[in-house]
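Novice: For reference, the structure I am asking about is given below.
Protein chains: 2
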Amino acid sequence: METNASTKIKSPGGKTSIIDCDIHATIPLDGIKPYLPRIYREQVETWGRRLPGQNHMYLNGGTNGSMQEHQPPRNKEEDSYLNYIRAQHIDKFNLEYGIMTGSDYGVHTTPDTDYAAALCSASNDYVIEHYLSRDSRLKGSVHIPKQDPILAAKEIDRVGSHPDMVQVIVSNGAIKPYGNRMYEPIYEACVRNNLPFAIHVSMEGIGINNPPTGAGYVSYYAEYRAARTQIMMAHMASFIFEGVFVKYPDLKVIMVEAGMMWVAPFIWRLDQDWKALRHQTPWVKEPPSEYYRKHMKVTSQPIELPPQKEMFMPMMEAIYARENLMFASDYPHWDFDSPLLAFPKMDEEMKERIFYQNAAELYRLPARKQAAGGARA
Amino acid sequence: METNASTKIKSPGGKTSIIDCDIHATIPLDGIKPYLPRIYREQVETWGRRLPGQNHMYLNGGTNGSMQEHQPPRNKEEDSYLNYIRAQHIDKFNLEYGIMTGSDYGVHTTPDTDYAAALCSASNDYVIEHYLSRDSRLKGSVHIPKQDPILAAKEIDRVGSHPDMVQVIVSNGAIKPYGNRMYEPIYEACVRNNLPFAIHVSMEGIGINNPPTGAGYVSYYAEYRAARTQIMMAHMASFIFEGVFVKYPDLKVIMVEAGMMWVAPFIWRLDQDWKALRHQTPWVKEPPSEYYRKHMKVTSQPIELPPQKEMFMPMMEAIYARENLMFASDYPHWDFDSPLLAFPKMDEEMKERIFYQNAAELYRLPARKQAAGGARA
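Those protein sequences? They're chains A and B, same order as listed. Mapping of the first sequence onto UniProt numbering: residues 1 to 377, in sequence order. Mapping of the second sequence onto UniProt numbering: residues 1 to 377, in sequence order.
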């Protein structure tokens, strides 16, 4: 892959602006230490991160999960990470906006809830100071200690009103599907702060989370990746059948990195079962596909591309891609999707909506004139 | 629904013979008691069935899970249940064959493994004597105490060579995905006895099984039904990536009652991930979709029908329905699929393969002249 920052690549089709809904940037432990309370700063100095990790259970791809080309600087100069992802990704693909989704989801699955809360706050503050305030193209995600929904809501209220924080984010791995009423304080805080709720694949079966499938632990990473989608399905059905969108009509939910084409047969099934069984959940007034269309978004990477090319567009329509799909690259992970190569040919309107408009509307991102480097300073 | 046995209905399209791959017939506790060892017979007399049950956790549909029209006789005359399902289903739809899949999957999730083994043996013997030996159209499934794969293999060897036993069957709910090596004695016995291995949805998250989703317990039956498919996905990925079909090239696996259209995006995803990650599981020599095509079958009910009618046939081709799909009615459950109504229009060849040929080949069922009642006696 070309790593020269001066090599600007025009956006897909040449005209479409790009919002990338899933960028992982380095958030170094040394960097967030100053934001931690003294007790945890001292613990971290002795014990390190001390968080459950996926890689202790399941292999990943690439080099430690990232593209081999991604080798961020190891020195601690303040802007070095930012400059690196600018050169490698943001400038290179001339992104209009990039949504940062965080770098360590282990916080969502440690049993030490106060430590999780401290790490979330420190990491949120670090991201604001070292990324968001230095490049107006970058937007942030509020990590929360979801182990304690009341504490989580406090963190959303603390930092969620920052103009560059555009969503709340949690790992896909969980102990209960996210429609469960135990999470309600989180959704109240999301609505109060006008923030969508994003679920990003990670930490399935790790730490305090439930095993990664309904049949227990899997053995290999390929199975593990498949299991992530299954868990996202469970969250989606849970949001709908628990009536979360009836209780919180302004809530939006984003499903990040769990694939996309699976949504089609899944909503066919949910709609059928709802028709037959809706007397059991009378608060679910509309077919499940309607709640999906009105309240949920799905990001593109990784795309399950049908080998039968003629099925691509019908599948895109079946998942309501025109309104519900948003492009994500997952930079810098090994299964990165280049905006130039991710999709087969689409009509201009669909391209515009997937690469830009759907995310711009959801995150309320104003159209902006693309400056050379996009830096505010 | 018409319940008069004299109302014979011609098979779909008038010419196609029908093999129904999922029929549940009553196996009464009083009926199997004589087949139990004395210790369990006495326990059953005091405590009843004593098995974990889905309905204690999650609602079902219809009347206790069955169609309202299904009201089998309560007297204990030897042939009354058999005569009832003949009149209600087998004669009515003029079935060529019907595969009986059992009536109580709680045996697969009790912690009392020897009790499970005794119940499986008793139920298998009852089915042979009271159904299979009295109607040559009915074929049976060997229930096994999967809690102990060695004991399970013994039951397969004990009863699996009976000419009317055509498969081994277990519940979809499990503590480990079925590709795990702990189950190998079962697959050795399947191959030794020339029997396919069927996974039937049931008992997800019940008794000793893992919670029904990778995010823990769901709240409602509609979610629960969606979760069953997720678990079947986990089993499918597990069989493929653990290399079960490499170790047992003659093994066939049937996925019963978990839907069918989901297979398409699922194998697209598995094939892509295998391409990128196959160095991690080098024993998986072919793309996952090839193992599915050669070793797995899926039954039809419940069918996720696309609301976009023009997608039906492309989806059928994408799941390789011509070779891999077999019709199932799930009689007498509330979500029963009539062979006359289950499918939209298909070409004759596909209809013939789904309703008859695929099952006839898999179960090695000879073509037979349809006798009026099909009874041997």
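We put the beta carbon where it would ideally sit given N, CA and C, even for glycine. Nothing here was measured: the structure is a model prediction, and the numbers come from that model.
Which residues bound the beta strand (DSSP E) around A:M165?
Specialist: A:M165 -> beta strand (DSSP E) spans 165-171.
Novice: Using CA coordinates, which residue listed in A:K146, A:Y84, A:I90 is at the minimum distance from A:A117?
Specialist: The residue with the shortest Cα to Cα distance from A:A117 is A:K146.
Novice: Enumerate in chain order the residues of its own chain whose CB-to-CB distance from B:Q370 is below 6 Å, with the five nearest sequence positions on each side excluded.
Specialist: Reliability fails at B:Q370, whose pLDDT of 48 lies under 50, so the model's placement of it is uncertain and the value that follows must be treated cautiously. Hits under 6 Å: none found.
Novice: What residues are listed by DSSP as bridge partners for B:Y115?
Specialist: For B:Y115, which the question treats as bridged, DSSP gives no partner whatsoever.
Novice: Within 8 Å (strictly less), CB to CB, does A:N180 reach chain B?
Specialist: For A:N180, the answer is yes, since a Cβ of chain B falls inside 8 Å of its Cβ.
Novice: In chain A, which residues lie less than 7 Å from B:M311 when you measure between Cβ atoms?
Specialist: P314, A318, listed in chain order.
Novice: Which residues in the same chain have their Cβ closer than 7 Å to the Cβ of B:N209, if we skip the five residues on either side of it in sequence?
Specialist: Here the set comprises T109, G173, A174, I175, M203.
Novice: Take B:E352 and list the residues in its own chain whose beta-carbon comes closer than 6 Å to its own, dropping the five residues that flank it on each side.
Specialist: Around B:E352: T16.
Novice: Is B:S133 close to chain A? Criterion is C-beta to C-beta, closer than 8 Å.
Specialist: Chain A, which has no Cβ nearer than 8 Å to the Cβ of B:S133, makes this no.
Novice: Going by alpha carbons, who is nearest to B:A122 out of B:N83, B:I27, B:M100?
Specialist: The shortest Cα separation from B:A122 among B:N83, B:I27, B:M100 belongs to B:I27.
Novice: For chain B, check one thing: does any of its Cβ atoms lie closer than 8 Å to the Cβ of A:L362?
Specialist: No, its Cβ sits nowhere closer than 8 Å to a Cβ of chain B.
Novice: Could you pull out every unbroken alpha helix (DSSP H) segment of at least 4 residues lying fully inside the stretch 56-118 of chain B, listed in chain order?
Specialist: 80-85, all fully within the stretch 56-118 of chain B.
Novice: Go ahead and label A:G48 buried or exposed: buried means 16 or more other beta carbons lie within 10 angstroms of its beta carbon, across all protein chains shown.
Specialist: It is exposed - the Cβ of A:G48 has fewer than 16 other Cβ atoms within 10 Å.
Novice: Quick one: grab the DSSP three-state call for B:V246.
Specialist: Helix.
Novice: With distances taken from CA atoms, which of B:Y217, B:E257, B:E223 is nearest B:D22?
Specialist: Ranking B:Y217, B:E257, B:E223 by Cα distance to B:D22 puts B:E257 first.
Novice: Indicate whether the contact test is met: 3 or more Cβ pairs, each with one atom in the stretch 181-192 of chain A and one in the stretch 141-157 of chain B, closer than 8 Å.
Specialist: The stretch 181-192 of chain A vs the stretch 141-157 of chain B: no contact.
Novice: Could you give the DSSP three-state label for B:K176: helix, strand or coil?
Specialist: Residue state, collapsed to three classes: coil.
Novice: A:Y331 to A:F197, Cα distance in whole Å?
Specialist: Cα to Cα, the separation comes out at about 21 Å.
Novice: Got a sec: is the Cβ-Cβ distance from B:N55 to anything in chain A below 8 Å?
Specialist: False, the Cβ-Cβ gap to chain A never drops below 8 Å.
Novice: So, does the CB of A:Y221 fall closer than 8 Å to a CB anywhere in chain B?
Specialist: Chain B contact via Cβ: present.
Novice: Mapping DSSP to helix, strand and coil, what is A:I199?
Specialist: Note: A:I199 maps to strand in three-state DSSP.
Novice: The alpha helix (DSSP H) spanning A:S289 covers which residue range?
Specialist: Start and end: 288-295.
Novice: Which of helix, strand or coil does DSSP assign to B:V191?
Specialist: Helix.
Novice: Using a Cβ-Cβ cut-off of 8 Å, state whether A:A237 counts as contacting chain B.
Specialist: Yes, A:A237 lies at the interface with chain B (some Cβ there is under 8 Å from its Cβ).
Novice: Please list, in chain order, the residues of the stretch 275-292 of chain B that have any C-beta partner in chain A closer than 7 Å.
Specialist: So the list reads A276, L277, Q280, T281, given in the order they occur along the chain.
Novice: Thinking A:D335 and B:A276 are a contact (beta carbons under 8 Å), I'd like their distance in whole angstroms, please.
Specialist: The pair is a contact, with the Cβ atoms about 7 Å apart (cut-off 8 Å).
Novice: Nearest-angstrom Cα distance between A:I128 and A:M165?
Specialist: Using only the alpha carbons, I get a separation of about 8 Å.
Novice: Assuming contact is defined by CB atoms lying nearer than 8 Å, are residue 391 of chain B and B:L270 in contact in what I supplied?
Specialist: Outside the shown range of chain B (1 to 377) lies residue 391 of chain B, about which nothing can therefore be said.
Novice: Who are residue 427 of chain B's beta bridge partners in DSSP?
Specialist: Given a span of 1 to 377 for chain B in the structure shown, any question on residue 427 of chain B remains unanswerable.
Novice: Between the Cα of B:F239 and the Cα atoms of B:I254, B:A227, B:R228, B:A226, which residue gives the shortest distance?
Specialist: Ranking the options by Cα distance to B:F239, first place goes to B:I254.
Novice: Within this structure, are the beta carbons of B:L95 and B:D20 separated by less than 8 Å?
Specialist: It is a contact, given that the beta carbons lie within the stated cut-off.
Novice: Does the beta carbon of A:L325 sit closer than 8 Å to a beta carbon anywhere in chain B?
Specialist: Chain B contact via Cβ: absent.
Novice: Within 10 angstroms of the Cβ of A:H130, are there 16 or more other Cβ atoms? Answer buried if so, exposed if not.
Specialist: Buried, by the Cβ-count rule.
Novice: Please report how far the alpha carbon of B:I90 lies from the alpha carbon of A:Y217, in whole angstroms.
Specialist: Distance between the alpha carbons of B:I90 and A:Y217 is about 41 Å.
Novice: What residues match up with A:Y331 in a beta bridge as DSSP calls it?
Specialist: According to DSSP, A:Y331 bridges with A:I23.
Novice: Which residues in the same chain as B:S171 place their Cβ atom closer than 6 Å to its Cβ, once the five residues preceding and following it in sequence are excluded?
Specialist: Y105, H108, S202, M203.
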